[in-house]
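Below is one structure, written out as C-alpha coordinates; comments come after it.
Numbering (our numbering), first residue to last: 4 to 90.
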(Lines of atoms letter the chains of each structure in order from A and count residues from 1; the text may use other names and numbers.)
(Lines give C-alpha, C1' and ligand atoms only; values in the text may rest on other atoms or scores of the structure.)
Protein backbone atom coordinates (compact mmCIF):
# COMPACT_ATOMS: atom_id res chain seq x y z
CA UNK A 1 0.00 0.00 0.00
CA UNK A 2 1.29 3.47 -0.81
CA UNK A 3 0.36 6.61 1.10
CA UNK A 4 1.83 10.01 0.36
CA UNK A 5 4.84 8.66 -1.50
CA UNK A 6 5.69 6.08 1.19
CA UNK A 7 5.38 2.34 0.71
CA UNK A 8 4.41 -0.03 3.49
CA UNK A 9 3.37 -3.65 3.76
CA UNK A 10 -0.19 -4.12 4.93
CA UNK A 11 -1.10 -7.66 6.02
CA UNK A 12 -4.55 -8.88 4.98
CA UNK A 13 -5.98 -12.02 6.56
CA UNK A 14 -9.14 -13.80 5.54
CA UNK A 15 -10.76 -16.79 3.85
CA UNK A 16 -9.96 -17.45 0.20
CA UNK A 17 -13.39 -17.91 -1.37
CA UNK A 18 -12.29 -18.09 -5.02
CA UNK A 19 -9.24 -18.68 -7.19
CA UNK A 20 -9.48 -17.66 -10.84
CA UNK A 21 -7.45 -18.37 -13.97
CA UNK A 22 -3.97 -19.78 -13.94
CA UNK A 23 -0.52 -18.62 -14.86
CA UNK A 24 0.35 -14.95 -14.79
CA UNK A 25 -3.26 -13.70 -14.47
CA UNK A 26 -4.12 -15.79 -11.41
CA UNK A 27 -6.25 -14.00 -8.82
CA UNK A 28 -7.62 -14.90 -5.42
CA UNK A 29 -10.66 -13.41 -3.71
CA UNK A 30 -10.21 -13.04 0.05
CA UNK A 31 -13.15 -12.38 2.37
CA UNK A 32 -13.05 -11.17 5.95
CA UNK A 33 -15.34 -9.43 8.41
CA UNK A 34 -14.24 -5.92 9.36
CA UNK A 35 -16.26 -4.05 12.01
CA UNK A 36 -19.29 -6.23 11.35
CA UNK A 37 -19.22 -5.73 7.57
CA UNK A 38 -18.08 -8.35 5.07
CA UNK A 39 -15.18 -7.11 2.94
CA UNK A 40 -13.91 -8.93 -0.14
CA UNK A 41 -10.71 -8.06 -1.91
CA UNK A 42 -9.27 -9.46 -5.14
CA UNK A 43 -5.49 -9.90 -5.33
CA UNK A 44 -3.35 -10.60 -8.39
CA UNK A 45 -1.01 -13.32 -7.14
CA UNK A 46 1.89 -12.44 -9.45
CA UNK A 47 1.66 -8.69 -8.91
CA UNK A 48 4.82 -6.98 -7.64
CA UNK A 49 2.65 -5.29 -5.00
CA UNK A 50 1.90 -8.66 -3.36
CA UNK A 51 5.01 -9.48 -1.35
CA UNK A 52 3.98 -12.90 0.00
CA UNK A 53 1.03 -15.21 0.59
CA UNK A 54 0.94 -17.48 3.63
CA UNK A 55 -1.51 -20.32 4.27
CA UNK A 56 -2.30 -20.27 7.98
CA UNK A 57 -4.77 -23.16 7.94
CA UNK A 58 -6.57 -25.26 5.36
CA UNK A 59 -10.34 -25.68 5.38
CA UNK A 60 -12.43 -28.62 4.27
CA UNK A 61 -14.68 -27.64 1.35
CA UNK A 62 -16.49 -29.59 -1.33
CA UNK A 63 -16.79 -26.68 -3.73
CA UNK A 64 -14.30 -24.72 -5.81
CA UNK A 65 -15.97 -21.37 -5.12
CA UNK A 66 -17.17 -20.61 -1.60
CA UNK A 67 -19.60 -17.83 -2.50
CA UNK A 68 -22.22 -19.34 -0.17
CA UNK A 69 -20.22 -17.94 2.76
CA UNK A 70 -21.51 -14.49 1.81
CA UNK A 71 -24.97 -15.44 3.05
CA UNK A 72 -23.78 -16.83 6.39
CA UNK A 73 -23.29 -14.92 9.62
CA UNK A 74 -21.13 -15.50 12.69
CA UNK A 75 -19.91 -19.00 13.48
CA UNK A 76 -21.62 -20.43 10.40
CA UNK A 77 -18.87 -18.90 8.24
CA UNK A 78 -16.18 -21.09 9.77
CA UNK A 79 -14.90 -24.08 7.82
CA UNK A 80 -13.78 -27.36 9.33
CA UNK A 81 -10.04 -27.79 9.34
CA UNK A 82 -8.38 -30.17 6.89
CA UNK A 83 -5.54 -32.32 8.22
CA UNK A 84 -4.69 -34.51 5.22
CA UNK A 85 -1.87 -32.23 3.96
CA UNK A 86 0.92 -30.29 5.58
CA UNK A 87 0.95 -26.50 5.30
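Positions of the beta carbon are idealized from the N, C-alpha and C atoms, including for glycine.
Segment limits, beta strand (DSSP E) that includes residue i
i          : result
residue 20 : 18–23
residue 43 : 40–47
residue 30 : 30–37
Selection from the options that minimises the alpha carbon distance to residue i
i          : options           : result
residue 71 : 34, 30, 23 and 27 : 34
residue 13 : 46, 69, 68 and 86 : 46
residue 25 : 89, 48 and 77     : 48
residue 67 : 19, 89 and 42     : 19
residue 30 : 37, 21 and 38     : 21
residue 76 : 9, 55 and 37      : 37
residue 10 : 57, 86, 53 and 85 : 53
Supposed close pair residue i, residue j - CB separation, criterion 8 angstroms
i          : j          : result
residue 41 : residue 73 : 7 angstroms
residue 32 : residue 43 : 6 angstroms
* Do the stretch 46–66 and the stretch 75–85 make contact, defined as three or more Cβ pairs closer than 8 angstroms? -> Contact holds: three or more Cβ-Cβ distances are below 8 angstroms.
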